[in-house]
Amino acid sequence: MNPHAKLITTSSLIAGTAITISSNHWVTAWTGLEINTLAIIPLIAKSHHPRAIEAAIKYFLTQSAASALILFSSMINAWLTGQWDITQLNHPLPCLVLTTAIAIKLGLAPFHFWFPEVLQGSHLTTALLLSTLMKFPPFTLLLMTSKSLNPTLLTTLAITSMALGGWMGLNQTQTRKILAFSSISHLGWMALVIIYNPKLSLLAFLLYTVMTTAVFLSLNKIKVLKLSTMLISWTKTPALNATLMLTLLSLAGLPPLTGFSPKWLILQELTKQEMTPAATIAALLSLLSLFSYLRLAYHSTITLPPNSSNHMKMWYTHKTPSTFAAILTSLSITLLPLSPVVLTMT
Numbered sequence: 001m002n003p004h005a006k007l008i009t010t011s012s013l014i015a016g017t018a019i020t021i022s023s024n025h026w027v028t029a030w031t032g033l034e035i036n037t038l039a040i041i042p043l044i045a046k047s048h049h050p051r052a053i054e055a056a057i058k059y060f061l062t063q064s065a066a067s068a069l070i071l072f073s074s075m076i077n078a079w080l081t082g083q084w085d086i087t088q089l090n091h092p093l094p095c096l097v098l099t100t101a102i103a104i105k106l107g108l109a110p111f112h113f114w115f116p117e118v119l120q121g122s123h124l125t126t127a128l129l130l131s132t133l134m135k136f137p138p139f140t141l142l143l144m145t146s147k148s149l150n151p152t153l154l155t156t157l158a159i160t161s162m163a164l165g166g167w168m169g170l171n172q173t174q175t176r177k178i179l180a181f182s183s184i185s186h187l188g189w190m191a192l193v194i195i196y197n198p199k200l201s202l203l204a205f206l207l208y209t210v211m212t213t214a215v216f217l218s219l220n221k222i223k224v225l226k227l228s229t230m231l232i233s234w235t236k237t238p239a240l241n242a243t244l245m246l247t248l249l250s251l252a253g254l255p256p257l258t259g260f261s262p263k264w265l266i267l268q269e270l271t272k273q274e275m276t277p278a279a280t281i282a283a284l285l286s287l288l289s290l291f292s293y294l295r296l297a298y299h300s301t302i303t304l305p306p307n308s309s310n311h312m313k314m315w316y317t318h319k320t321p322s323t324f325a326a327i328l329t330s331l332s333i334t335l336l337p338l339s340p341v342v343l344t345m346t
């Protein structure tokens, strides 16, 4: 991509995100979301591959529909209450439309169908942006309106996302699709607790961002797009594959890794709110996602291919290690002892 075009898209992404998360008016928040959508589309379609073009069109259509619903819900709210303030969402009808719109933006089930396909058609770095940065502005809107949303609807969306995210990831062989369903499942955990403890939900999102960024950067480093390629990648970078396995297990939520902390705190908060059935279902559904992560971890480090692979092997070269990826991987593995400090903050 042209450096000038890359500079414009990157600055537009940063500006759109900043506008949305700092706005109090619905129109400015909607403007930021639109800037984000228009800025990411060239990054999705930059390879000019038919699948990338298809992914860009799918992303544009779904995000346009979601943005129209956000604008529609804000207009209904202004018509019924006379308020354009984001926090003044008091009528059930605009709350319902807004929840649907943000669920489409985030890829919550049952509005998740576009997300794995778009990630599959994108480059790994673009898929990283779609899984983390592009979800932050709509998630911020969900945080700001959390006190007005319908708890039953949000709980239903969250449990459905956890179930489908875990179930659909079981039979996938493409790493980007597995991480897409992982994102859907993690968003279900965040949506489940956002009404009762928004700070805890934000913490879960930040930790998910750290762990997912570490996984995507590691996969991009070893150039792995599917599980059969991952089988032979350990010979090039054994240390990176070992830390990738630990990061994947952290995403799965296994102690004593970082990913255990948000799930533990969310289950604790749900039991405090006397939502023991929801907490039990969430804990059981996390086993589905655990299988997907264990399969990835198994392919990355523990197993060897039974025969010679048909994939073209890359020459082993001593490339400079990524300091940023190393820092994120360390954070993805070692932050669990800070959970008592986090608990006092939330």
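Going by full-length UniProt numbering, the residue at position 266 of the sequence shown is 266; the numbering climbs one at a time, nothing skipped.
Using N, Cα and C, we set each Cβ at its ideal position, and we do this for glycine too.
Values in this document were obtained by computation on a predicted structure and should not be read as measured data.
- If you look at residue 335, you'll find it isn't in any alpha helix (DSSP H); DSSP assigns it neither H nor E.
- Counted as a single uninterrupted DSSP element, the alpha helix (DSSP H) harbouring residue 120 occupies residues 114-120.
- Residue 333 and residue 128 have their C-alpha atoms roughly 19 Å apart.
- Cβ neighbours of residue 117 within its own chain (closer than 7 Å, five residues either side excluded): 55, 58.
- Burial state of residue 139 is buried, judged by a 10 Å Cβ sphere holding 16 or more other Cβ atoms.
- Contact between residue 169 and residue 159 is ruled out by a C-beta separation of about 16 Å, above the 8 Å threshold.
- DSSP, read as helix, strand or coil, puts residue 6 in helix.
- The beta carbon of residue 120 sits closer than 8 Å to the beta carbons of 51, 55, 174, 176, 177, 180 from its chain, once the five residues preceding and following it are set aside; these are given in chain order.
- Note on residue 36: 16 or more other CB atoms within 10 angstroms of its CB, so buried under the neighbour-count rule.
- Between residue 331 and residue 210, the beta carbon gap of about 5 Å places them in contact (Cβ cut-off 8 Å).
- CA-CA distance, residue 70 to residue 115, rounds to 19 Å.
- C-alpha of residue 239 to C-alpha of residue 164: approximately 33 Å in a straight line.
- Around the C-beta of residue 2, fewer than 16 other C-beta atoms lie within 10 Å, and the residue is accordingly described as exposed.
- By the criterion of a C-beta distance shorter than 7 Å, residue 271 is surrounded in its chain by 279, once the five residues flanking it on both sides are discounted.
- Apart from sequence neighbours up to five positions away, the residues of its chain that approach residue 28 with a beta-carbon distance below 7 Å are 19, ordered along the chain.
- Annotation: residue 275 to residue 85 spans about 31 Å, alpha carbon to alpha carbon.
- For residue 178, the enclosing alpha helix (DSSP H) covers residues 175-193.
- Of the residues assessed, residue 263 falls on the buried side of the cut-off, its CB having 16 or more other CB atoms within 10 angstroms.
- If the five residues before and after residue 146 are omitted, its C-beta is found closer than 7 Å to the C-beta atoms of 194, 195, 198, all from its own chain and listed in chain order.
- Excluding the 5 residues flanking it on each side, residue 143 has same chain C-beta neighbours closer than 8 Å at 194, 198, 201, 202, in chain order.
- Residue 61 sits exposed, since fewer than 16 C-beta atoms from the chains shown fall within 10 Å of its C-beta.
- In this structure residue 261 is in contact with residue 339, their Cβ atoms being roughly 5 Å apart against a cut-off of 8 Å.
- Exposure of residue 171 is indicated by the presence of fewer than 16 other C-beta atoms within 10 angstroms of its C-beta.
- Per DSSP, the beta bridge partners of residue 25 are 85.
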